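Following: one structure in structure tokens, then a few remarks.
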């Protein structure tokens, strides 16, 4: 524990944000969860949070694109963990402007408010997609940045904007760069929930896009631990830090491992609508996580093939609960 007692988490209603909010509360932090305002009065995945943390965090509903609401939400906070973003790659192909508004302008709102309010630490969330297809592996933080989709381009811009506030105004910014996080509550726009929800629904023919690309999958508990390690360390200011498992596996082999765990024989059907444009597809991701270990003392608990299998088992268990999988539309392609 450190002096950052009051924490604002933007994107707290999302997959990683909800898990992070819960863990911060468990660790004794005073958390203000920034969720997207909507007329249904829902708080996203925070509506499904663990009983032990219900009612133990504050909720602020707003829109990351609105600078006034962002600043109001940040008042009285010592640190901000900025996760709010649009992240689906296919959606960014036809609606790029909303990615600029949310990912770039939204980040600017967070940085400007933090500067004006004198916030003691800002953790900005990046993504491994900023690297594009690996030019060398494992990928270190010195790897060139390549905008291979409008989504990744906006994340590159947001990262650079965050670093510019550190360099120009000495704003205490750290950039966390998770590789492909998976686990309970993940959207079916991601490949692992896409596979599992189709299998749980009873189909044995899995519709996917390209299956030869490789990914470095991170179980969500490891990603959350990465955020908290960065929050509690003084070593990450002005730094970009990968949070990855340092284990590479193809989409096709991921399907095989999931089908093995679930004891189901699977046929993969490649669906053209799920295939990214050739130059937009990120062919290979494999994280070098040595900087996170050196600066933050972080290393994955779900490491290597065995760690990945354990994380998948926990994910499958969650998706196998009827109350959970009922929230997903397994028959539809989620972009």
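In UniProt numbering, the protein residues as written are 1 to 335.
Don't be surprised by glycine CBs; every beta carbon is placed ideally from N, CA and C.
Model, not experiment: these values are computed from the prediction.
If distances are taken between C-alpha atoms only, which option among the options comes closest to residue i?
{"i": "residue 53", "options": "65, 74, 18", "result": "18"}
{"i": "residue 138", "options": "288, 226, 326", "result": "288"}
{"i": "residue 191", "options": "177, 206, 202, 201", "result": "206"}
In three-state DSSP terms, what is residue i?
{"i": "residue 276", "result": "coil"}
{"i": "residue 218", "result": "strand"}
{"i": "residue 58", "result": "strand"}
{"i": "residue 326", "result": "coil"}
{"i": "residue 96", "result": "helix"}
{"i": "residue 186", "result": "coil"}
{"i": "residue 128", "result": "helix"}
{"i": "residue 195", "result": "helix"}
{"i": "residue 211", "result": "coil"}
{"i": "residue 115", "result": "helix"}
Beta strand (DSSP E) containing residue i: first to last residue?
{"i": "residue 165", "result": "Where residue 165 is concerned, there is no enclosing beta strand (DSSP E), although the alpha helix (DSSP H) it sits in stretches over 150 to 169."}
{"i": "residue 242", "result": "240 to 243"}
{"i": "residue 35", "result": "30 to 36"}
{"i": "residue 87", "result": "That residue, residue 87, is in no beta strand (DSSP E); it is neither H nor E in DSSP."}
{"i": "residue 316", "result": "Here residue 316 belongs to no beta strand (DSSP E); instead the alpha helix (DSSP H) covers 304 to 319."}
{"i": "residue 267", "result": "267 to 270"}
What does the Cβ neighbour count give for residue i, buried or exposed, with the cut at 16 atoms within 10 Å?
{"i": "residue 194", "result": "buried"}
{"i": "residue 300", "result": "buried"}
{"i": "residue 44", "result": "buried"}
{"i": "residue 109", "result": "buried"}
{"i": "residue 35", "result": "buried"}
{"i": "residue 245", "result": "buried"}
{"i": "residue 132", "result": "buried"}
{"i": "residue 202", "result": "exposed"}
{"i": "residue 225", "result": "buried"}
Is residue i close to chain D, meaning its C-beta is less than 8 angstroms from at least one C-beta of that chain?
{"i": "residue 35", "result": "Here there is only one protein chain, and chain D is not present."}
Tell me the residue span of the alpha helix (DSSP H) that contains residue i.
{"i": "residue 258", "result": "251 to 262"}
{"i": "residue 23", "result": "15 to 26"}
{"i": "residue 290", "result": "290 to 296"}
{"i": "residue 8", "result": "Careful: residue 8 lies outside any alpha helix (DSSP H), inside the beta strand (DSSP E) at 6 to 10."}
{"i": "residue 173", "result": "Careful: residue 173 lies outside any alpha helix (DSSP H), inside the beta strand (DSSP E) at 173 to 178."}
Would you please state the rounded distance, in angstroms, between the beta carbons of residue i and residue j? I believe it to be under 8 angstroms.
{"i": "residue 155", "j": "residue 117", "result": "Actually they are not in contact, since the Cβ atoms of residue 155 and residue 117 sit about 24 angstroms apart, beyond 8 angstroms."}
{"i": "residue 232", "j": "residue 295", "result": "The pair is not a contact, with the Cβ atoms about 12 angstroms apart (cut-off 8 angstroms)."}
{"i": "residue 267", "j": "residue 204", "result": "6 angstroms"}
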